[in-house]
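Notes to accompany the following structure.
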Amino acid sequence: RYKTLDGARKKANENGYKGSMFAWESALTGEENTPRWMPSSKNSLELDRIWCGDIQQHISANIAYAVFFYWKWTQDHEFLKTYGAEILLDTARFWDSRVEWNETNGQFEITNVVGPDEYHLHVNNNAYTNWLVKWNLEKALWVMKWLEDFDRDQAERLKTNLHLNQTDFSHWQTITQNLTILQDPSSKLIEQFNGFF
756 RYKTLDGARK
766 KANENGYKGS
776 MFAWESALTG
786 EENTPRWMPS
796 SKNSLELDRI
806 WCGDIQQHIS
816 ANIAYAVFFY
826 WKWTQDHEFL
836 KTYGAEILLD
846 TARFWDSRVE
856 WNETNGQFEI
866 TNVVGPDEYH
876 LHVNNNAYTN
886 WLVKWNLEKA
896 LWVMKWLEDF
906 DRDQAERLKT
916 NLHLNQTDFS
926 HWQTITQNLT
936 ILQDPSSKLI
946 EQFNGFF
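When the count follows this note's numbering, it moves up by one through the sequence shown with no breaks and lands on 952 for the last residue.
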């Protein structure tokens, strides 16, 4: 995945975002290979729109999750320093540019996505996606602190290369504290997305 960062950055940029937006179906270059159209299962003369490559965006946080747990299980500090930290930080940059502020409810939200349940398209605040985004941002903040202790020069290089500063880190913290998580406070029941119930 580290070798596909350029493709992920290109995809983010083409979609109006920052950071790394990983492909749902990746070419070796990291560019998106998911077809946008396919013959309809109901009528082969018609085409159905395939949305996975555009709005099934939790893949970027999934990759950050895999990176972190590879490190946690192996304690491969060189991997985290040289490759993993950059992925965690650049996916956080993507989510920072992807979340939207909802003035009405005073929270950040993520609209128009496909969660892991691919039968519900164009949903808002998918529980899985939002929880993983919160996790991704928290781990990006953690990895920067870890890197500053482990290899301060590498921490400074990544801050420079990814155009990161304390304002970004403070904003990530604000997002994690105010991102919509659809959980009933009394029953603890989690709604899959806005309107699922």
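Where is the CB? At the ideal position from N, CA and C, for every residue including glycine.
All figures in this text were calculated on a predicted structure; none of them were measured in a lab.
Endpoints, the alpha helix (DSSP H) within which residue i is located
i: Asp872; result: Here Asp872 belongs to no alpha helix (DSSP H), and DSSP marks it neither H nor E.
i: Asn916; result: Arg907 to Asn916
i: Gln812; result: Note, Gln812: premise wrong, no alpha helix (DSSP H); not H, not E.
For residue j and residue i, the rounded distance between their alpha carbons
i: Asp803; j: Arg791; result: 8 Å
i: Ile865; j: Asp908; result: 34 Å
i: Gly950; j: Glu833; result: 44 Å
i: Ala847; j: Gly774; result: 7 Å
i: Gln932; j: His918; result: 23 Å
i: Thr829; j: Thr837; result: 15 Å
Distance CB(residue i)-CB(residue j) smaller than 8 Å
i: Phe924; j: Val878; result: no
i: Met899; j: Leu934; result: no
i: Gly762; j: Gly785; result: yes
i: Met776; j: Phe863; result: no
i: Val869; j: Gln921; result: no
i: Gly808; j: Ala767; result: no
Buried or exposed by the 16-neighbour rule on C-beta atoms within 10 Å, applied to residue i
i: Phe824; result: exposed
i: Lys797; result: exposed
i: Met793; result: exposed
i: Leu944; result: exposed
i: Ile818; result: buried
i: Glu787; result: buried
i: Ser722; result: As shown, the chain starts at 756 and ends at 952. That puts residue 722 outside it, with no answer to give.
Residue range of the beta strand (DSSP E) that includes residue i
i: Glu855; result: Glu855 to Asn857
i: Phe863; result: Gln862 to Glu864
Contacts around residue i, its chain only, beta-carbon distance under 6 Å, and the 5 residues preceding and following it disregarded
i: Leu783; result: none
Cβ of residue i within 8 Å of any chain D Cβ
i: His877; result: Considering every chain present, this structure includes no chain D. It has just one protein chain.
Residues near residue i in its chain [Cβ-Cβ closer than 7 Å; skip 5 each side]
i: Ala840; result: Val898, Leu902 and Leu913
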